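Student: What follows is a structure written as structure tokens; I'll ask about it next.
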Amino acid sequence: MNTSPYLIPLSPVISEEDIKKSRFITYLAHTPGIESAKAFVAEIKAKHADARHNCWAFVAGRPEDSMSWGFSDDGEPSGTAGKPILAQLSGSGVGEITAVVTRYYGGIRLGTGGLVKAYGGGVQQALLQLATKEKAITVQFTISCEYPHIALIESILASHNAVQVNTEFSHNVEMTVEVDARSAEQIAAEIFNRSRGQVSVAGLDKNT
1 MNTSPYLIPL SPVISEEDIK KSRFITYLAH TPGIESAKAF VAEIKAKHAD ARHNCWAFVA
61 GRPEDSMSWG FSDDGEPSGT AGKPILAQLS GSGVGEITAV VTRYYGGIRL GTGGLVKAYG
121 GGVQQALLQL ATKEKAITVQ FTISCEYPHI ALIESILASH NAVQVNTEFS HNVEMTVEVD
181 ARSAEQIAAE IFNRSRGQVS VAGLDKNT
């Protein structure tokens with residue numbers, strides 16, 4: 001599991017450019033997952049149903065995770081649209097992002113080289129306008145303790161900026177907490193050591 005944070009889009013971007021009478025409109029959006037990416041593509045294609053082409057690419061997960069990549073030339077010559085768009089996205093270091101480039105044909109052919117430059121360049125310019133934020137990878141785990149240990153546990157969690165997702169009170173206390181994945185093992189060890197083994201931690205589940 002890669003626990004290092006990565007950048008994701010903070011807000012959408014729309015960029016327009018006219019090249020030899022063809023109008024290119026580039027859309028960038030935060031899409032956390034392949035289904036979200038496909039939904040965004042469908043939204044833009046519906047918005048510009050009268051356009052000649054709506055070419056797209058997405059990096060729907062971590063920037064380096066090629067299993068979450070996808071692209072389409074949408075009728076343009078093979079390799080002239082989707083791949084140049086994807087090349088810009090995958091090289092940006094930004095994850096969970098989709099680009100759709102809408103083209104309204106102006107009657108002048110651009111040639112394969114011109115198309116590659118137009119689609120890739122449009123996304124490149126849009127990326128320059130993109131604001132991003134860091135996404136931390138978090139994990140959740142459950143802490144089981146007796147009532148006298150609550151103050152100790154809450155003190156440890158607070159020192160690591162952990163979030164208490166849920167707490168159940170019965171004959172003992174069970175807390176579900178969410179923490180930065182990079183510090184999860186350290187927190188678990190600190191809880192175990194400072195409680196002298198009387199508090200248990202279980203279920204370190206990834207939450208991305």
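Position 91, counted from 1, in the sequence shown is what full-length UniProt numbering calls 91; the numbers after and before it change by one each time, with no gaps. All residues carry an ideal CB built from backbone N, CA and C; glycine is no exception. Note that the coordinates shown come from a computational prediction; the quantities given were computed from them, not determined experimentally.
(1) Pull up the CB-CB distance for S22 and Y119, whole angstroms please, since I reckon it's below 8 Å.
(2) Could you check what DSSP says for P9 in three-state terms: helix, strand or coil?
(3) For K133, report the span of its beta strand (DSSP E) as first-last.
(4) With the cut-off set at 8 Å, would you say residue 215 and V101 are in Cβ contact?
(5) Quick check: what's the CA-CA separation for D18 versus I25?
(6) I'd like to confirm something about V179: is its beta-carbon nearer than 7 Å to some heavy atom of the ligand MN, or not?
(7) Is the beta carbon of V177 sitting closer than 8 Å to the one on V199?
(8) Taking all protein chains shown into account, do 16 or more other C-beta atoms lie within 10 angstroms of the C-beta of D50, making it buried, or fewer, making it exposed?
(9) Quick one, which of P84, D65 and F141 has its alpha-carbon nearest A189's?
(10) Go ahead and pull the three-state DSSP assignment for N193.
(11) Tell me the rounded alpha-carbon separation between I14 and F58.
(12) For A72 and C55, which I take to be in contact (beta-carbon distance under 8 Å), what is that distance rounded to the nearest angstrom?
(13) For the candidate residues R196, G106, D180 and S144, whose alpha-carbon lies nearest to that of H171?
(14) Grab the span of the alpha helix (DSSP H) containing S90 for me, first residue to last.
(15) Of all the beta strand (DSSP E) runs that stay within the bounds of the UniProt domain "Impact N-terminal" (20-127), which reach a length of 3 or more residues?
(16) Counting only the same chain and skipping the five closest in sequence on each side, list residues whose C-beta sits under 6 Å from that of A37.
(17) Here's the rule I'm using: 16 or more other beta-carbon atoms within 10 Å means buried, otherwise exposed. How should T112 be labelled?
(18) Between E174, V201, F169 and S195, which lies nearest to A184 when the distance is taken from Cα to Cα?
Tutor: According to the data block:
(1) At roughly 11 Å, the Cβ-Cβ gap does not stay under 8 Å, so S22 and Y119 are not in contact.
(2) strand
(3) T132 to K135
(4) Because the chain is modelled from 1 through 208, residue 215 falls outside the range shown and cannot be assessed.
(5) 9 Å
(6) This structure simply doesn't include the ligand MN, nor any ligand for that matter.
(7) no
(8) exposed
(9) F141
(10) helix
(11) 16 Å
(12) Checking the sequence, you will find Ser at residue 72 rather than Ala. The pair is a contact, with the Cβ atoms about 6 Å apart (cut-off 8 Å).
(13) S144
(14) G82 to S90
(15) 22-30, 53-59, 69-72 and 97-104
(16) T31, F58, A60 and T98
(17) exposed
(18) V201
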